Structures are given as structure tokens and as C-alpha cells.
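Numbering (our numbering), first residue to last: 102 to 376.
Ideal Cβ positions, reconstructed from N, Cα and C, are used throughout, including at glycine.
Fair warning: this is a prediction, and the values are worked out from it, not measured in the lab.
Heads up, the thing below is written out as C-alpha cells.
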Ligand SMILES: [Zn+2]
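Dropping the structure here:
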């Protein structure tokens, strides 16, 4: 049984500040140790439930946050910047389940620690088929495209709520409650790891009851950007159409094509950042 883990960092218990998420520094060293603990807990729980092969895709920042040798279960590690499938790089039809670990709230939703949707300097809101969504909803397109169910999501309570419309029967692990965008009430890291271990184990055990992401096709991804200039530049990407002064739309029958256009948008709009 083959498992794909896409892990982010802002939703990990103990992390409330960008300094913990961006190298270099002592705070980052602490942050990546907390991240490793939660990823390994997910791996250990999945192994206990019978998973035999695991691929971890680092989805945070420069996407190279862990020492590969520290991963449990001889998990393969996809790391580094500029991946065409970004947060979902490495997933294909051969997998049986997807886990989202350390995920965080969207930029446009309820207050959530370190909330953003891909690039906080550019993207101000994303709707999938008219439903407010965060990174989990966007990444659902890739899971759906490959026919693999998302079985586990971990993060703060807003992250879990935002995943609700797209992932029925997903195992949910809430490791913290956001107080503001830069504060949270958190369980102890050891407690978080035990909860994630149990969640991962349960998710694999009842995998047969977990449906594919609930995204009707053809799907429509509406993306609002910070400036009209960003919206204009975004339309240089194949599949991206202008839908308003600061908004664009990506539509299609193939969820993988929609995600590909979205990734292109995130890369090309970086040239429009700044003041
Ligand atoms: Zn991140």
C-alpha cells in the first residue's frame, strides 16, 4: 500500500511565527524539528496500519526543510524549489492515499495562524466551484486527477473546517486553535504527534470508506489577486482568463490541467510583486 504525504509547516503544533518557518536561525531549527516530529508521526501511524511505501513531498517555502535521513519508514523525500506539481509533486495513479500534514488556513478565510494561499504577496482569495478554499482545496484537484483519496489532514481548526466541503470522511487532527494570525493555543508537541499517529492509523484502516475529493467537473477555479497588474500577468499562462479587475478564472474538465495553470500563475505573478 502506497502513501503520498504532502507536508506544509504553518499548521504544525508549536509554530506561530514566520521566523520558525524560514531559515536561517535558531527559531527555524526549532520549527523544522517540530515539523519532522509530526511528519514522522504520520509515517509511523500509516506503517502501523499496513502502508508499505511512502513518498513525502516537502511543500513549504524552498521545500527543503528536513534532513532526508531523519525520515522514518525509509520514506522517499521529494524536495527543492520549482516543481511543476508544487505541493503535490510526485503523486501519480499508483498511490492509495494522500495525507496533508501541517496545513494552514487560507488568506481569505477566518483568522488562522500564518494564513495564506500559496503566495500571500499575490493571491488574496481562491474559490473552487464557488466555494471558498485554501491550499487543501486547490491540491484536491491533483488527488482527484490521479484518482487517489485524501485520507488525513492536520492543522488548526480553521484549516480543518476549510477542507470540509472537499474531503468527506477525511480523518481530521486539530493540533492547535488560532487566537490571531500570529498566536495560537497549542497542544504539546508530543501530544500532537500521538494524535497524528492515531489519525494516520485510523485513516489507513478505513481507507475503503474514503471517497475521492468532492469536486464536480468541469471545475472552476476563481483566483483574486492583489493588483490588476498581477491579474493581467496571470493571463499570460495557458488556461488563465481574466474575469475582473483583479481576478482570473481557470476552468476545465481535467483537474490536472487546472492545477497546472494555477501553478504557472503562482510562478509568473512573482514578477509582479513589490512596490
Ligand atoms: Zn508553508
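Assuming the contact rule is C-beta atoms closer than 8 Å, residue i and residue j should be a hit. Round their C-beta distance to whole Å, please.
i	j	result
residue 247	residue 159	About 19 Å; that fails the 8 Å criterion.
residue 180	residue 144	About 16 Å separates the two Cβ atoms, so there is no contact after all.
residue 253	residue 200	4 Å
residue 255	residue 274	4 Å
residue 318	residue 354	6 Å
residue 259	residue 237	About 11 Å separates the two Cβ atoms, so there is no contact after all.
Thinking just about the alpha-carbon of each residue, which of the options is nearest to the one in residue i?
i	options	result
residue 338	306, 168, 368	368
residue 224	334, 340, 102, 104	334
residue 371	228, 331, 272, 212	331
residue 152	270, 133, 183, 308	308
residue 313	352, 270, 358	270
residue 167	183, 344, 122	122
residue 346	328, 363, 357	328
residue 383	226, 197, 196	Within the shown structure, residues of the chain are numbered from 102 to 376, placing residue 383 beyond reach of any answer.
residue 349	196, 255, 322	322
residue 214	111, 303, 351	111
residue 117	353, 343, 362, 277	277
residue 174	146, 191, 355	146
residue 283	115, 107, 105	115
residue 325	363, 291, 288	363
residue 142	188, 195, 172	172
residue 102	265, 249, 366, 357	249
residue 292	113, 154, 104	113
residue 285	263, 216, 310	216
For residue i, does the three-state DSSP call read helix, strand or coil?
i	result
residue 187	helix
residue 371	helix
residue 159	strand
residue 296	helix
residue 309	helix
residue 351	strand
residue 111	coil
residue 202	strand
residue 196	coil
residue 317	coil
residue 215	coil
residue 167	coil
residue 363	helix
residue 136	helix
residue 239	helix
residue 336	coil
residue 265	coil
residue 245	helix
residue 290	helix
residue 123	coil
residue 118	coil
residue 146	helix
residue 356	helix
Below 8 Å between beta carbons: does that hold for residue i and residue j?
i	j	result
residue 52	residue 300	Residue 52 lies beyond the range of the chain shown here (102 to 376); nothing can be said about it.
residue 316	residue 245	yes
residue 230	residue 320	yes
residue 243	residue 294	no
residue 261	residue 139	no
residue 306	residue 150	yes
residue 235	residue 210	yes
residue 183	residue 109	no
residue 272	residue 304	yes
residue 212	residue 281	yes
residue 107	residue 164	no
residue 157	residue 129	no
residue 251	residue 268	yes
residue 137	residue 196	no
Which one or two residues does DSSP pair with residue i in a beta bridge?
i	result
residue 229	232, 322
residue 255	274
residue 279	285
residue 343	349
residue 172	Answer is none; residue 172 lacks a bridge partner.
residue 178	157
residue 105	156, 199
residue 224	326
Check your understanding: Where the beta carbon is closer than 7 Å to any heavy atom of ligand 2, which residues qualify, in chain order?
Key -> The model depicted lacks ligand 2 and carries ligand 1 instead.
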